[in-house]
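Enquirer: Protein chains in written order, with this note's numbering: chain A, 255 to 464; chain B, 13 to 43.
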Amino acid sequence: PAAAQSRLNEDTLQQRLQALIEGARETWTYAIYWQLSYDSIAGGGDGEGTAFLGWGDGYYKGEEDKGKSKKRCSSVNAVEQEHRKRVIRELNALISGGAVAGAADDAGDEEVTDTEWFFLVSMTQSFLNGTGLPGQAFLHCRTIWLSGSGALAGSGCERAQQGQIYGLRTLVCIPSDNGVVELGSTDVIQQSSDLMEKVNTLFNFNNGGG
Amino acid sequence: GGDLPIPRRRSLQRFLEKRKERLVRNMPYSP
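(1) From which residue to which residue does the alpha helix (DSSP H) around T369 (chain A) run?
(2) Would you verify that the beta carbon of G316 (chain A) is, or is not, closer than 8 Å to some beta carbon of chain B?
(3) Would the beta-carbon of G310 (chain A) fall within 8 Å of that of Y292 (chain A)?
(4) Tell me the DSSP secondary structure of S409 (chain A) in three-state form.
(5) Decide if the region 362-370 of chain A is in contact with the region 380-394 of chain A; the criterion is three or more beta carbon pairs, one per stretch, under 8 Å apart.
(6) Could you tell me which chain A residues have their CB closer than 7 Å to the CB of P19 (chain B), listed as they occur along the chain?
(7) Candidates A:E344, A:Y314, A:V366 and A:S350: which alpha carbon is nearest E334 (chain A)'s?
(8) Anything in the region 337-348 of chain A with a Cβ closer than 7 Å to a Cβ of chain B? List those residues in chain order, please.
(9) Going along the chain, which residues of its own chain have a beta-carbon closer than 6 Å to the beta-carbon of K322 (chain A), five neighbours each way excluded?
(10) Can you tell me whether E317 (chain A) is helix, strand or coil according to DSSP?
(11) Which whole-angstrom value is the C-beta distance of I428 (chain A) and E280 (chain A), which I expect to be below 8 Å?
(12) With V36 (chain B) as the anchor, note down where its alpha helix (DSSP H) starts and where it stops.
(13) Start and end of the alpha helix (DSSP H) containing D441 (chain A)?
(14) Tell me whether the region 386-400 of chain A and the region 335-351 of chain A touch, counting them as touching only if at least three CB pairs, one residue from each stretch, are closer than 8 Å.
(15) With distances taken Cα to Cα, identify the nearest neighbour of Q272 (chain A) among A:Q379, A:D431 and A:L437.
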């Protein structure tokens, strides 16, 4: 039952992230749900542990769906691109249990865009409560909306600066009851209360959201 | 290969599958 519940939660998260992006007027590239968790080992095992935000789920839409024909790989030299392709190939093999053929091989040979790579690397990251962009948004319970390359680069936050290098021009973190919803876009998107209300409706599970 | 936490494994699986779909969709037609 626990596994079934976990599966249900993941599916629900995915549907909500997808609904958030696909239903938006703006062109978001991806959405990530950073989920609040507690690390009992780091906390010494004597209480509820250290609070951190870890990967809950993510939905990557990409850039080409909105008619952008030119993929962004500007920050990448040939060696880095080869490295990305190799990682994709290895991950394909890992996920498909080594039985990779045809389309999976082709997928590994295609260029990996900057935003794809940023999204992929995000899966390996987590943030202590109060640190990084998601951690700050959660601790202070306020939305952080960085719009324009200058805002990302000058934010003093490593994740935003990294995002700017990978072509993001808008990065938003919206806190919810048990986590933070992060959205990124290669477009400059101005702050909208609609989006924040939508996140409140979809992701505040404690209040019957969704 | 079995040491990925389940949420990340499923997210990764979805990401890779969608990437393949996008690549196939954007592939130029060759008769």
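Think of the CB as a built atom: it goes at the ideal place given N, C-alpha and C, for glycine as much as any other residue.
Expert: Short version:
(1) Taken as a continuous stretch (DSSP letters only), the alpha helix (DSSP H) holding T369 (chain A) covers D368 to S376.
(2) With a threshold of 8 Å between beta carbons, G316 (chain A) makes contact with chain B.
(3) No, they are not a contact pair.
(4) Of the three classes helix, strand and coil, the one that applies to S409 (chain A) here is coil, per DSSP.
(5) Counting Cβ pairs under 8 Å, fewer than three are found: no touch.
(6) Listed along chain A are E264, W309, G310 and D311, each with a C-beta nearer than 7 Å to that of P19 (chain B).
(7) That would be A:V366, whose Cα lies nearest to the Cα of E334 (chain A).
(8) For the region 337-348 of chain A, the residues whose beta carbon sits under 7 Å from a beta carbon of chain B are, in order, L345, N346 and L348.
(9) Bear in mind that a pLDDT of 49 at K322 (chain A), under 50, signals an unreliable position, so the model cannot answer this.
(10) In the structure shown, E317 (chain A) sits in coil (DSSP, three-state: anything other than H, G, I, E or B).
(11) Wrong, their Cβ atoms sit about 14 Å apart, outside the cutoff.
(12) Note, V36 (chain B): alpha helix (DSSP H), I18 to N38.
(13) For D441 (chain A), no alpha helix (DSSP H) encloses it, and the DSSP letter there is neither H nor E.
(14) No, they do not touch.
(15) The alpha carbon of Q272 (chain A) has as its nearest neighbour, out of A:Q379, A:D431 and A:L437, the alpha carbon of A:L437.
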